[in-house]
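Asker:
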Amino acid sequence: MKLLLIKAGKAIKTIQRDGVLKGGKRILDFLALFIKNIINVESGDILFITSGVGDSALYRAHNQAEELRNHGFNVSVTMQDNPFLASLDRKFNVFVFCRTLHTSSVAKLIEKIKKQQKEIIFDTDDMVFDTKYVHQTDHYKNMSFFEKKQYEKGIGEEIIRDPYVKVCTTSTKFIASKLEEYGKKVFVTTNKLSEEWMKIASELLQDKIQEKNKRNKIRMGYFSGTIGHNKDFATISDALIEIFDKYPNVELFLAGPLELEEKFSKFSQRIIRSTFVPRKKHFENIFYCDIVLAPLENDEFSEGKSELKFSEAGLLKVPAITVNNQTFANAIIDGENGFLANSKDGWVEKLSLLIENPQLRESMGEKAREKALRDYTTKHSHSEEYYEYLRSKINI
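In our numbering, the protein residues as written are -12 to 383.
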């Protein structure tokens, strides 16, 4: 019942935000994915169980599953809403719970797994497992009553605190350090780009690059994805105002439900808005940007965010300027395959360099793509320690 209320709340919010037609289509698309995730479960080595069908499920379950298949594992993905969930215990040896809510069916499956002494792994790409991090965010404050129900406790808190569960996986070293405080062995498995997305990127780079290069405007892009990023964007708003004043040929592409401050109103003709779009269109929107922006607040919840804005942009040879935190600094060599910035002056300086220098944008984009292909794709993944651990649990 709790899951049903949460999903009803999300559906209502989607229609309120995107309208009946777009919102309704998005809900129908999710429903189709839900059905697919139920009927496509085949016996194998590893089962990923997700809480939904959004971006987190794509990166942490479906793309991770594709990565593991490329390394010889037999993997399936399902949702915790699957009415047959509790009967899947005998079909797999390793069960990865991806940000799942604690429900009776999840609890029943876990108990059956324990009786057979099989492996349980908890996976997260966010600091949602502890309410002290979640409740301080704008995302939580902007949720409907029903959506907030999922955060009455930390998501996956019961699994993390279960002494039977020895291992967690996560997307960043920062989150790993927090999970280690629970006494867990943690593998960092970064968010990967799928083979389908690599194909989309290659086609855009081959077929659309001349069209992109004909434009006489420089486009900055910010892709918020979900609600709750107003404060992240606000950290660079003064820098962007200065850039708008300084360069009349610069425009801003905004994807997602971002609430702009009033000071941007005088530049409204140079701001392009986009709501939710399918994944292929999402990559096309990134491709037509010249610079991607990835600011974040300076707090622990934000510190846990992955570097996917850098890797997605890099796949399309688009240079990114990001906040200078642990995660992005591990991915970006400042001035080579991207830029790191923390202050207003830093953002203005590095935006100005990229705006004024097309050769720098090109060379930096090339190096960002090299990094994305080398370290952030399911095809060229190399988490060898994790693969060996999984093999030890399924006797491959």
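Yeah, the Cβ is synthetic: ideal placement off N, Cα and C, and Gly gets one too.
Computed from a predicted model, the values in this text were never measured in an experiment.
Determine which residues share a DSSP beta bridge with G461 and list them.
Answerer: The structure shown has nothing for residue 461, since the chain only spans -12 to 383.
Asker: Using DSSP bridges, identify the partner residues of K172.
Answerer: Beta-bridge pairing links K172 to V154.
Asker: Does any CB atom of chain C fall closer than 8 Å to the CB of I97?
Answerer: Included in the structure is just one protein chain, with no chain C present.
Asker: Going by other Cβ atoms of all chains shown within 10 Å of its Cβ, with 16 needed for buried, is N69 buried or exposed?
Answerer: It counts as buried.
Asker: Using the beta-carbon count (16 or more within 10 Å), is N324 buried or exposed?
Answerer: The residue in question, N324, is buried, as its Cβ has 16 or more Cβ neighbours within 10 Å.
Asker: Using DSSP with H/G/I as helix, E/B as strand and the rest coil, what is G41?
Answerer: Looking at G41 - three-state DSSP - the assignment turns out to be coil, as it is neither helix nor strand.
Asker: Any idea which residues DSSP pairs S63 with across the strands?
Answerer: In the DSSP output, where bridge partners are listed per residue, S63 has L34.
Asker: CB-CB under 6 Å to G141, same chain, minus the five flanking residues each way: which ones, in chain order?
Answerer: Here the set comprises F116, D117, T118.
Asker: Measure the C-alpha to C-alpha separation of D113 and E246 and round it to an integer number of angstroms.
Answerer: D113 and E246: Cα-Cα distance of roughly 23 Å.
Asker: Pairs of beta-carbons, one from the stretch 232 to 247 and one from the stretch 299 to 309, closer than 8 Å: are there three or more?
Answerer: The stretch 232 to 247, when compared against the stretch 299 to 309, does not touch it at the 8 Å Cβ threshold.
Asker: Rounding to the nearest angstrom, what Cα-Cα distance links S289 and H216 in this structure?
Answerer: In a straight line, the C-alpha of S289 is about 10 Å away from that of H216.
Asker: Relative to the C-alpha of A48, which residue among D219, M207, T365 is closest?
Answerer: Checked all of D219, M207, T365; the closest Cα to A48 is T365.
Asker: Using 10 angstroms around the beta-carbon of T262, count the other beta-carbons present and answer buried if the total reaches 16, otherwise exposed.
Answerer: With fewer than 16 Cβ atoms within 10 Å of its Cβ, T262 is classed as exposed.
Asker: Count the CB pairs spanning the stretch 73 to 88 and the stretch 247 to 259 that are closer than 8 Å, and state whether there are at least three.
Answerer: No contact exists between the stretch 73 to 88 and the stretch 247 to 259.
Asker: In three-state terms, what does DSSP make of R356?
Answerer: Three-state DSSP puts R356 in a helix.
Asker: Cutting at 6 Å between CB atoms, please list the residues of its own chain near E371, excluding the five before and the five after it.
Answerer: Closer than 6 Å at the Cβ level, and outside the excluded window around E371, lies no residue.
Asker: Considering Cα atoms alone, identify which of A188, T176, C276, S189 is closest to N203.
Answerer: Measuring from the Cα of N203, the nearest candidate turns out to be C276.
Asker: Since K296 and T314 are thought to touch, with beta carbons under 8 Å apart, how far apart are those beta carbons, to the nearest angstrom?
Answerer: Contact doesn't hold; Cβ gap of about 11 Å is too wide.
Asker: Please classify F132 as buried or exposed, where buried requires at least 16 other C-beta atoms within 10 Å of its C-beta.
Answerer: By the 10 Å Cβ count, F132 comes out exposed.
Asker: What does DSSP give as the partner residue(s) for F82 in the beta ladder?
Answerer: L34, I107, per the DSSP bridge assignment.
Asker: By DSSP, does T118 sit in helix, in strand, or in coil?
Answerer: It is helical.
Asker: Using DSSP with H/G/I as helix, E/B as strand and the rest coil, what is F71?
Answerer: In this structure, F71 counts as coil in the three-state DSSP scheme.
Asker: Report the rounded CA-to-CA distance for E139 versus S92, giving the unit in angstroms.
Answerer: For E139 and S92, the distance between alpha carbons rounds to 18 Å.
Asker: Are at least three pairs of beta-carbons, each pair with one atom in the stretch 147 to 157 and one in the stretch 97 to 108, less than 8 Å apart?
Answerer: The stretch 147 to 157, when compared against the stretch 97 to 108, does touch it at the 8 Å Cβ threshold.
Asker: Can you give the beta carbon distance from V62 to D32, rounded, assuming they're within the 8 Å contact cut?
Answerer: Confirmed, about 7 Å.
Asker: Is the stretch 222 to 236 close to the stretch 204 to 211, with three or more CB pairs under 8 Å?
Answerer: Because the criterion of three Cβ pairs below 8 Å is met, the stretch 222 to 236 and the stretch 204 to 211 touch.
Asker: Given a threshold of 16 other Cβ atoms within 10 Å of its Cβ, counted over all protein chains shown, does S181 qualify as buried or as exposed?
Answerer: Buried, because 16 or more other Cβ atoms sit within 10 Å of the Cβ of S181.
Asker: With DSSP as the reference, identify every bridge partner of D321, one or two as the case may be.
Answerer: Beta-bridge pairing links D321 to G325.
Asker: So, under 8 Å CB-CB, H58 and E145 are touching, yes? Tell me the CB distance rounded to an integer number of Å.
Answerer: With a Cβ gap of about 30 Å, H58 and E145 do not count as contacting.
Asker: Helix, strand or coil: which one does DSSP assign to L303?
Answerer: DSSP places L303 in coil when its eight states are reduced to three.
Asker: Short check: CB of L347 to CB of L338, under 8 Å?
Answerer: Contact: no.
Asker: Apart from the five residues on each side of it in sequence, which residues of its chain come closer than 7 Å, Cβ to Cβ, to Q197?
Answerer: Around Q197: no qualifying Cβ.
Asker: Can you name, in chain order, every residue of its own chain whose Cβ lies under 7 Å from the Cβ of G143, other than the five neighbours on each side?
Answerer: Within the same chain, G143 has close Cβ partners F84, R86, T87, F109, T111, F116.
Asker: Out of F60, D42, I147, N50, state which residue places its alpha-carbon closest to the alpha-carbon of K380.
Answerer: The candidate whose alpha carbon is nearest that of K380 is F60.
Asker: Taking 8 Å as the cut-off, decide whether the C-beta atoms of V335 and A226 are in contact.
Answerer: Contact: yes.
Asker: Do T177 and Y363 count as a contact pair if the criterion is CB distance below 8 Å?
Answerer: Taking 8 Å as the Cβ cut-off, Y363 and T177 qualify as a contacting pair.
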